[in-house]
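Contents: one structure, followed by commentary.
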Amino acid sequence: MILRRAQYELAGRVGGPFLASLDGWKRTLRARGRTPRETPFGPPLESLRKLKEIMTAHYFQARYADGAVPVAWVTSGFPVEVLRPFGFHAVYPENHAAMCGVQRLVPGLSDAVEALGYSRDLCSYARTDLGSVVTGQTPVGRLPRPDLLACCTNICQTVLYWYRALADHFQVPLVLVDTPYVYGEAKPHHIAYVRAQLEELVRVAERISGRRADPEALAAVARKAKEGTDLWADCLATGKSRPAPWTGIDGFFHMAPIVALRGTDTCNDYYRMLRDELRDRAQRGIGGLREERHRLLWDNLPIWFAVREVATLLATRGFNFVCTSYTNAWAEAGSRIDPEDLIGSAADSYTHIILNQDLPNRLGILRRLSREYGVDGAVLHSDRSCKPYSIGQVDLKERLAAETGIRVLLLEADHSDPRAWSREQADNRLTAFMESFE
Amino acid sequence: MIAVALGVDVGSTTCKAVAVDGKGRVVARRVEHTDPRIEQQVERVIRELRDETGAHGAPVGATGYGRKRVPAARALTEITCHARGAFAALGRAGVLVDVGGQDTKVIRIGPAGEVVDFSMNDKCAAGTGRFLEVILGRLRVPFDQVASQVARAERSVPVSSTCTVFAESEVISLVAGGEPLEGILKGLHQALASRVAALARGAPGEVFMSGGVALNPAMVAALREALGRPVQVVEEPQLVGAHGAALSVL
C-alpha cells in the first residue's frame, strides 16, 4: 500500500511531467527542418505546453491510482467537489472517450461492444468507454479500476444505464445523483431532494475511503472549485475581444482541467496562467485567427475527430468560433457553489447545468452568448450521440435566428463516432453557410 | 452568338453546363450523366460550349459536388448557385425546393436574391432524386412515363419508408401482394413529397422548384399537395445551378 502510494505520487510529480517533456522534444525534433505550413490560425498559445504536461501527468498518475488511493469513475456533470476531500482520484470516462475520439479509436472500440449486443444508437462515449473496459484498449496506457462509480443524471439518462453496466462489470458500488429536470427555475423541493442524495454520497465516500468527512476540507475544495470556475469564465470572456485571442476550438482542448481536475490547485494555477496569456494577447491584438472576419457561436459538443478540420475550413475564410455553449457550461456549473454550504450549493448548481434545463432556458443561454460575444452566426451541432443536447435544435435554430437576426446552421455529426459523419456533405453545408455571409 | 460566361454544375447524377450572354440569359446548354472521370468530361463540355458560342475567353463558374474538379474562376456551393439562378429567372423572393440526386435542399431566398437560410435532408439519400431513380428502375418505369402512370392511379398505395433501401424492398412486397403499379407509384411520390415538405416546414413565401426531379410533373403535383401551396417550377429546372454558377462570374 505504501509502495503503491509512493509510485502514485512519483508518477504524478515526476513520471508524468517527464513523459510530457519527452513528447515535447519529439515534436520539436520532428518539426525541425519542416517548412512551416500556411495556416489561417494565429500563433499557438504558449500555455498549450503546460496543458499537455498537466493532462499527461494526470493520466500517467491514474495508472498507479488503484491500490494507492480510492478511485472514482465519475460523469462529467457529477459534483466531484464532494469526493475530492476524501482523497479520491477521479477518472472521467467521457474525457477519456473524447481522447479516443480525437485519435479516431472509436469505431474499433464500438465494434467490440456492438458485438456484445449494445446498440450503435447508444451514445458513442458510452460505447467507447464500455469498449475500452472490455478490450483493455486505451490511448493512456491503463485506466485504474474504480472503487466507486458516481453518476449524475443532469447530463442525460444514458449515464444511469451505462454506469449500471460498469457496476456490473467491476462489481463496485454505484452512487446515483438524480437531478429533476428544470422547467424555468428548480423548485425548493427539487434542490432538497438532490441535497439529500449528496448527504448520502458523503456517507458512501466515508465508507469507501475510510476517512471521516472534514467540513474544513470540504469548504477548501469548494473554494478551489469556485475559483477554478471563475478563472475558466475569465478565460472564455477574453473571446469577447475583437479579434478573439483564441478560437472556440482551443477552448475545447483547454477545458480538460476544469472538467477533470476541478477543485485542485493544479487546475487553478493553470487557468491563471492561461487567463493572463489570453488577456495579454487580447491587449496586443493577437487573434486566434490571423484575420477574423466573422464571429460564430458553436452549440453542443465538439466533433472530436474532425474538430481541426471543421475549424480550419471556417478559419480559411476568416470565420472563428468565439464562444461555445459547451465550454461555457463549465463556467456556469460551479458559479453557484458556496464554500460555506458545499452540499446545498452543489445541489443547486448541478441541478442547473445546461443539459438539465428546458428549451426556453437553453435559448436564453444561446441568446445571451450571441449578444455578449457579438456573433454574426451560429452553428448548432446536431449530435447523433447526445440526444438531450440535440433535441429541440430545429426550434432553437428558428427562434435564435428570428430573435437575434443572426444566421444559424444545423450541422449533423457525432461527437466521437466518425461513422456518423459525412465529410463531403458537412463541408458543403458549412461552405454554403459561409457563402451566405458574402 | 457570343457568350460571356460559362457555368458548370457537376452533380451526383448529371453534369450540367450553360453559356450565358451579357444579360445573363442562357444561350447554350448541355446535360449529361456524370462521368466518373470528371476532369475529362468537364473539359470536353466546356470546349463544346466555347466552340458553339464563340466564348473562348469567357470565365467559368462551377458548382455541384464535383466543383473542385472544374478549372473555374469561381466555385460555389449548389445552395448559393440555385438561389442565384432561380432569382435571375423569377426576380423575386421565395422558398426554393431543389430535389437533386443526393440532396434535397430548401432554400429561403431574400428580396435581393440572397440566401437567407437553408435546410437539407440528413446524410442518407432518403427523400432525394436517387430514391425515385432506384425505385423506378426496379419497377421498370421509364422516367417520361411516370407522370402519366401516376395520373391513371385510382388510389394511392401508401409507402411508409423513404429510405431508398427499405422502400425498395417494401415496393417489391407491394408488387408481390398484387397492388396496382400506378397506385404504388403515386404512394412513392407522396412519401417523397411529405419528406421534402417537412424540410420546408415553417418557411413562409411562394414555393419554387428546381433540380432534375422538377421535370417530373407527378412530383410537382405531390409536393403541391403535401405543402398545400402552389409550386412554381423554375424554367429549365435542371439548369438552375449551372445558370447561377455562370452568373457568379459574369
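For the record, the sequence lines run as chains F and U. The first sequence begins at 0 in numbering that gives the first Met the number 0 and counts up by one. The second sequence begins at 0 in numbering that gives the first Met the number 0 and counts up by one. Ideal placement from N, C-alpha and C gives every residue a C-beta, glycine not left out. What you are looking at is a predicted structure, and each value in this text was computed from that prediction instead of being measured.
Cα-Cα separation between residue i and residue j, rounded to whole angstroms
i        : j        : result
Leu341/F : Leu217/F : 7 Å
Asn267/F : Arg428/F : 39 Å
Val258/F : Gly333/F : 11 Å
Met98/F  : Ser415/F : 9 Å
Glu153/U : Val174/U : 16 Å
Glu252/U : Tyr58/F  : Missing from the structure shown is residue 252/U; chain U here goes from 0 to 249 and no further.
Arg446/F : Cys155/F : Chain F is shown only over 0 to 437; residue 446/F falls outside these bounds and no answer can be derived.
Ala82/U  : Ile171/U : 38 Å
Ser118/U : His380/F : 14 Å
Arg370/F : Phe77/F  : 30 Å
Tyr7/F   : Val176/F : 29 Å
Arg247/U : Leu135/U : First, the amino acid is wrong: residue 247/U is Ser here, not Arg. Whole-angstrom Cα-Cα distance: 35 Å.
Asp375/F : Ala192/U : 33 Å
Cys80/U  : Val7/U   : 10 Å
Arg73/U  : Glu437/F : 14 Å
Val3/U   : His242/U : 12 Å
Ala166/F : Arg83/F  : 21 Å
Leu142/F : Ala92/U  : 58 Å
Val239/U : Leu44/F  : 46 Å
Ala85/U  : Lys15/U  : 15 Å
Ala64/F  : Leu9/F   : 11 Å
Cβ-Cβ distance between residue i and residue j below 9 Å
i        : j        : result
Leu354/F : Pro387/F : yes
Ser46/F  : Glu276/F : yes
Phe251/F : Val321/F : no
Ala191/F : Ala345/F : no
Val69/U  : Ile106/U : no
Val96/U  : Glu235/U : no
Thr62/U  : His32/U  : no
Ala243/F : Glu291/F : yes
Thr326/F : Leu409/F : no
For residue i, the nearest candidate out of the options (CA to CA)
i        : options                                : result
Val73/F  : Ile352/F, Cys151/F, Ala330/F           : Cys151/F
Ile364/F : Arg335/F, Gly343/F, Ala328/F           : Ala328/F
Thr103/U : Leu249/U, Ala244/U, Gly10/U            : Gly10/U
Gly23/F  : Pro39/F, Arg4/F, Lys51/F, Leu2/F       : Lys51/F
Gly287/F : Glu308/F, His95/F, Thr27/F, Ile248/F   : Ile248/F
Ala310/F : Thr430/F, Leu21/F, Gln356/F            : Thr430/F
Thr315/F : Ala425/F, Val407/F, Arg289/F           : Arg289/F
Gln237/U : Val17/U, Thr76/U, Ile1/U               : Val17/U
Thr52/U  : Gly21/U, Ala74/U, Glu77/U              : Gly21/U
Ala88/U  : Thr33/U, Gly99/U, Val19/U              : Val19/U
Val139/F : Leu115/F, Gly100/F, Ala236/F, Leu147/F : Gly100/F
Cys385/F : Arg202/F, Phe169/F, Ala125/F           : Ala125/F
His188/U : Arg28/U, Glu132/U, Phe86/U             : Glu132/U
Gln148/U : Gly126/U, Arg137/U, Val115/U, Ile183/U : Ile183/U
Gly317/F : Pro172/F, Leu295/F, Arg83/F            : Leu295/F
Arg274/F : Leu408/F, Met254/F, Ala61/F, Gly262/F  : Met254/F
Tyr349/F : Val81/F, Ala425/F, Thr263/F, Arg31/F   : Val81/F
Gly126/U : Lys185/U, Val41/U, Leu249/U, Ser160/U  : Ser160/U
Ala197/U : Leu214/U, Pro179/U, Arg223/U           : Arg223/U
Counted within 10 angstroms of its Cβ, other Cβ atoms place residue i as buried (16 or more) or exposed
i        : result
Pro203/U : exposed
Val164/U : exposed
Thr34/F  : exposed
Gln144/U : exposed
Thr38/F  : exposed
Lys67/U  : exposed
Glu199/F : exposed
Ala96/F  : buried
Lys509/F : The structure shown does not extend to residue 509/F, since chain F is modelled only from 0 to 437, so the question has no answer here.
Three-state secondary structure assigned by DSSP to residue i
i        : result
Glu31/U  : strand
Glu290/F : coil
Glu411/F : strand
Val133/U : helix
Ser381/F : strand
Cys322/F : strand
Trp329/F : helix
His55/U  : coil
Thr228/F : helix
Cys99/F  : helix
Gln231/U : strand
Gly93/U  : strand
Phe87/F  : coil
Gly14/F  : helix
Asp116/U : strand
Cys266/F : helix
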